[in-house]
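**Student:** One structure is given below, represented as structure tokens, and several questions about it will come after.
Protein chains: 2
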Amino acid sequence: MRILGVDPGMTRTGLGLIETTKSGNVQAIEWLTIETPAGLPLPERLSELAADLKQYLDETKPDLAVVEKLFFATNKRTAMDVSHARGVIMATLSSHGIDILEATPLQLKTAITGDGRADKKQMQSMVKRTLKLKEIPTPVDAADGLALALYGAFTKKFF
Amino acid sequence: MRILGVDPGMTRTGLGLIETTKSGNVQAIEWLTIETPAGLPLPERLSELAADLKQYLDETKPDLAVVEKLFFATNKRTAMDVSHARGVIMATLSSHGIDILEATPLQLKTAITGDGRADKKQMQSMVKRTLKLKEIPTPVDAADGLALALYGAFTKKFF
Numbered sequence: 003m004r005i006l007g008v009d010p011g012m013t014r015t016g017l018g019l020i021e022t023t024k025s026g027n028v029q030a031i032e033w034l035t036i037e038t039p040a041g042l043p044l045p046e047r048l049s050e051l052a053a054d055l056k057q058y059l060d061e062t063k064p065d066l067a068v069v070e071k072l073f074f075a076t077n078k079r080t081a082m083d084v085s086h087a088r089g090v091i092m093a094t095l096s097s098h099g100i101d102i103l104e105a106t107p108l109q110l111k112t113a114i115t116g117d118g119r120a121d122k123k124q125m126q127s128m129v130k131r132t133l134k135l136k137e138i139p140t141p142v143d144a145a146d147g148l149a150l151a152l153y154g155a156f157t158k159k160f161f
Numbered sequence: 003m004r005i006l007g008v009d010p011g012m013t014r015t016g017l018g019l020i021e022t023t024k025s026g027n028v029q030a031i032e033w034l035t036i037e038t039p040a041g042l043p044l045p046e047r048l049s050e051l052a053a054d055l056k057q058y059l060d061e062t063k064p065d066l067a068v069v070e071k072l073f074f075a076t077n078k079r080t081a082m083d084v085s086h087a088r089g090v091i092m093a094t095l096s097s098h099g100i101d102i103l104e105a106t107p108l109q110l111k112t113a114i115t116g117d118g119r120a121d122k123k124q125m126q127s128m129v130k131r132t133l134k135l136k137e138i139p140t141p142v143d144a145a146d147g148l149a150l151a152l153y154g155a156f157t158k159k160f161f
């Protein structure tokens, strides 16, 4: 079972792809980011994000995607940009026929570390340990992608 | 020159299509809404919106689209939903290769009525008059679509 975690962003969207097996193993396949150039007009950045994600889905064929749910804690400009990107991501995943889960930061932290107030560092070291990686995965958005994918595996009891 | 005005919404997106001629005429071709069922999961609503809009663009082939710019005056839940829809709309228009203009409510009101504080009623009667319609166009989201299309015609000096 292939699970893709997606941390939406206009400038940088984090992706983490993991695979679970029936025997109860889980492994990271890869983690990366999709970036769109800040100099491009908004509509072009969004269509580029959609095209890049679509290509990635065609190549990797995940069975499930987990997308981080947003909150408007930060400034409104950023929130609006992330929401634009998130809308595009959800539509692209859905038109690809992939099952989609949403996870709030609280749900994510609780599932990965057992502590809803876990900080970034705790999250990253749990992701590293669970996926038996040699180092903390970087960049941080891609690591968040892996955490989201693991959330999907835990929630769906895939391993 | 065909201009499509788009008033983004998750439940209901307003569309207004107008045509300008070299001789300086402008006429409304049609106005309508794209609706997505409230009962569907968010990703499906978004991919349905993208698919419906894409089909509409294939059929009508506008040269320019004008999309309303958002402000976070209302509640955050609504703002997030509208931003999701707006992102999908912008990506769909852009991947269709259509030129895109954005208009804030202030720019829109100023261009249509000459008064940045114009109310809905003033806007609607100016749209009716400019497009020589027999009645105020309804529903209100579709009328907003026509206003946005007219904004494009004024801004680009198409008539």
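Those protein sequences? They're chains W and B, same order as listed.
The numbers in this note's numbering rise by one with no breaks, and the one at position 3 of the first sequence is 5.
The numbers in this note's numbering rise by one with no breaks, and the one at position 11 of the second sequence is 13.
A virtual CB, placed ideally from N, CA and C, is assigned to each residue, including glycine.
1) Can you confirm whether B/V28, when its beta carbon is compared against all beta carbons of chain W, has any partner nearer than 8 Å?
2) What would DSSP say about W/A149, mapped onto helix, strand or coil?
3) Can the beta-carbon of B/G11 be found less than 8 Å from the beta-carbon of B/V84?
4) What three-state label does DSSP hand B/D121 in the structure shown?
5) Can you tell me where the beta strand (DSSP E) with B/D9 in it begins and where it stops?
6) Measuring straight from C-alpha to C-alpha, what distance separates W/T224 and W/D143?
7) For W/E70, return the contacting residues in chain B, with the cut-off set at a CB-CB distance below 8 Å.
8) Which chain W residues sit within Cβ distance under 7 Å of B/E46?
9) Curious, which full-length alpha helix (DSSP H) runs of at least 4 residues does the stretch 60-101 of chain B contain?
10) With H, G and I counted as helix, E and B as strand and the rest as coil, what does DSSP make of W/I138?
11) Could you tell me which residues DSSP pairs with W/T13 in its beta bridges?
12) Output, in chain order, the set of chain B residues within a Cβ distance shorter than 7 Å of W/S85.
13) So which residues of chain C does B/I36 contact, with C-beta pairs closer than 8 Å?
14) According to DSSP, is W/L34 part of a helix, a strand, or is it coil?
15) With distances taken Cα to Cα, identify the nearest neighbour of W/R4 among W/R14, W/T13, W/G18.
16) If contact means a Cβ-Cβ distance below 8 Å, which residues of the stretch 40-65 of chain B contact chain W?
17) Who are the near neighbours of W/L103 in its chain, counting only those whose CB is closer than 7 Å to its CB and skipping five residues on each side?
18) Closest Cβ-Cβ distance between W/I102 and chain B: below 8 Å?
19) Determine whether the Cβ of W/M3 lies closer than 8 Å to any Cβ atom of chain B.
20) Kindly list the residues whose CB is nearer than 8 Å to the CB of B/M92, restricted to its own chain and excluding five residues on each side of it in sequence; keep chain order.
21) According to a CB-to-CB cut-off of less than 8 Å, which residues of the stretch 111-122 of chain B neighbour chain W?
22) Just the Cα atoms here: how many angstroms apart are W/T13 and W/E37?
23) Quick check on W/A105 - is its C-beta less than 8 Å from some C-beta in chain B?
24) Would you kindly work out how many angstroms separate the C-alpha atoms of B/L55 and B/T35, rounded to a whole number?
**Tutor:** With the given structure in hand:
1) Position 26 of the second sequence holds residue 28 of chain B. No, because no Cβ of chain W sits closer than 8 Å to the Cβ of B/V28.
2) On the first sequence, position 147 is the one that residue 149 of chain W refers to. The answer is helix: DSSP assigns W/A149 an H, G or I state.
3) Here residue 11 of chain B refers to the residue found at position 9 when the second sequence is read from its first residue. Here residue 84 of chain B refers to the residue found at position 82 when the second sequence is read from its first residue. Yes; because the gap between Cβ atoms is below 8 Å, this pair is in contact.
4) Looking up residue 121 of chain B in the second sequence gives position 119. Three-state result, B/D121: coil.
5) Translated into the one-based positions of the second sequence, residue 9 of chain B becomes position 7. Element bounds for B/D9: 4-9.
6) Absent from the model: residue 224 of chain W. The displayed extent of chain W is 3 to 161, so no value can be given.
7) Numbered from 1 along the first sequence, position 68 holds the residue referred to as residue 70 of chain W. By Cβ distance, chain B contributes nothing, its closest Cβ being about 13 Å from W/E70, past 8 Å.
8) Taking the second sequence and counting its residues from 1, the one referred to as residue 46 of chain B is at position 44. Listed along chain W are S96, each with a C-beta nearer than 7 Å to that of B/E46.
9) 78-97
10) In the first sequence, the residue the question calls residue 138 of chain W occupies position 136. In the structure shown, W/I138 sits in coil (DSSP, three-state: anything other than H, G, I, E or B).
11) Here the question's residue 13 of chain W lines up with position 11 in the first sequence. Partner(s): none; W/T13 has no beta bridge.
12) Here residue 85 of chain W refers to the residue found at position 83 of the first sequence. What W/S85 touches in chain B: M82, S85, H86, G89.
13) No chain C is part of this structure, whose protein chains are labelled W and B.
14) Here residue 34 of chain W refers to the residue found at position 32 of the first sequence. Strand at W/L34.
15) Position 2 of the first sequence, counting from 1, holds the residue named residue 4 of chain W. Selected option, being the one with the closest Cα: W/G18.
16) P43, L44, P45, E46, L48, S49, L51, A52, A53
17) Counting from one through the first sequence, the residue named residue 103 of chain W turns up at place 101. Once the five neighbours on either side are set aside, the close Cβ partners of W/L103 are L66, V68, G154, T157.
18) Start at 1 with the first residue of the first sequence, and residue 102 of chain W comes out as number 100. Judged by the 8 Å Cβ criterion, W/I102 is in contact with chain B.
19) Counting from one through the first sequence, the residue named residue 3 of chain W turns up at place 1. Not one chain B Cβ lies under 8 Å of W/M3.
20) The sequence position of residue 92 of chain B within the second sequence is 90, counting from 1. Around B/M92: V69, I102.
21) none
22) Looking up residue 13 of chain W in the first sequence gives position 11. Looking up residue 37 of chain W in the first sequence gives position 35. Rounded to whole angstroms, W/T13 to W/E37 spans 5 Å at the Cα level.
23) Taking the first sequence and counting its residues from 1, the one referred to as residue 105 of chain W is at position 103. No - not a single Cβ of chain B is within 8 Å of the one on W/A105.
24) Here residue 55 of chain B is taken as the residue at index 53 of the second sequence, counted from 1. Here residue 35 of chain B is taken as the residue at index 33 of the second sequence, counted from 1. Roughly 10 Å between the two C-alpha positions.
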